[in-house]
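Written below as structure tokens is the structure these notes are about.
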Amino acid sequence: MPASDQGLTKPVLFVLTSHATKGKTGEPTGYFLGEVTHPLAVLEAAGISVEFASVTGGEPPVDGLDLKDEINARYWTDPRFRAAVAATTRIADIVPSRYQAIFFAGGHGAMWDFPESLEAQAAIREIYEAGGVVGAVCHGPSALVNAKLSDGRYLVAGRNVSAFTDDEERAVGLEDVVPFLLASTLSARGARHQPAPDWTPNVVVDGRMVTGQNPQSAHGVGEAMRDLLLAGQTN
36 MPASDQGLTK
46 PVLFVLTSHA
56 TKGKTGEPTG
66 YFLGEVTHPL
76 AVLEAAGISV
86 EFASVTGGEP
96 PVDGLDLKDE
106 INARYWTDPR
116 FRAAVAATTR
126 IADIVPSRYQ
136 AIFFAGGHGA
146 MWDFPESLEA
156 QAAIREIYEA
166 GGVVGAVCHG
176 PSALVNAKLS
186 DGRYLVAGRN
196 VSAFTDDEER
206 AVGLEDVVPF
216 LLASTLSARG
226 ARHQPAPDWT
236 PNVVVDGRMV
246 TGQNPQSAHG
256 VGEAMRDLLL
266 AGQTN
């Protein structure tokens, strides 16, 4: 979505899951709306433009459609936003050098397609190694579990991160439905997982990586990414 004239020159790429079901349960899922709209509101208010991609392109499935949330309602009734998320670019077709940052929204669907997307991994690597910011919230950090740098190291190795915790996954009764437990897997990749109590905001910034624990952290992830970008932390 277009930025103001005062915005930074390169947009931020928001990546949404294309996966629509919770494993073998058949229950619907997708991207969690508030994990898109809240960071988007923060970045747009700062004049930073955003473009949308998804794993397979087109209109990704939406979950968490809480229209009592004022920010959700504002965007969901905005024709510009609806048109943008109805026609996302396939991640394989994006040009990473166009972007100053990449952000992965959560929603349980992310657990199935984000970790398996080689194109997402390539975009993360190229944007990060060019000096850009990498952000993710809730289940969005599933995109990071298999992401590696050019030297073969896992991007998260030795870094402080937050993500949907194993306890939160158990609390929603999906610990045996998701293909893996996100926080445990990040730790297995060498990350230093920094949990907070369930359902409390928790944003962790480690250099140019910004991760948030749960939907309550989405606004804070947007703020942290905004601050890094406006401080000129990218090339």
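Be aware that the sequence shown starts at 36, since it is given in the numbering used here, and climbs by one per residue.
C-beta: ideal position from N, C-alpha, C; glycine also.
- DSSP lists 56 as the bridge partner or partners of residue 63.
- Judged by DSSP in its simplified three-state form, residue 241 adopts strand.
- The three-state secondary structure of residue 125, taken from DSSP, is strand.
- CA-CA distance, residue 244 to residue 169, rounds to 5 Å.
- Here the alpha carbons of residue 105 and residue 66 stand approximately 18 Å from one another.
- DSSP, read as helix, strand or coil, puts residue 219 in helix.
- Inter-residue distance for residue 188 and residue 137 is about 19 Å (C-alpha atoms, whole angstroms).
- Separation of the CB atoms of residue 218 and residue 199 is rounded to 7 Å, and the pair is thereby assigned contact status at 8 Å.
- It is roughly 5 Å from the alpha-carbon of residue 228 to the alpha-carbon of residue 196.
- Annotation: the continuous alpha helix (DSSP H) that includes residue 71 extends over 69-80.
- Separation of residue 51 and residue 139 (C-alpha to C-alpha, rounded to the nearest whole angstrom) is 6 Å.
- Taken through DSSP and simplified to helix, strand or coil, residue 93 comes out as strand.
- Shown here, residue 249 sits in coil according to DSSP, grouped into three states, outside any helix or strand.
- A distance below 6 Å between beta-carbons, with the five flanking residues on each side excluded, links residue 57 to the following residues of its chain, in chain order: 64, 143 and 212.
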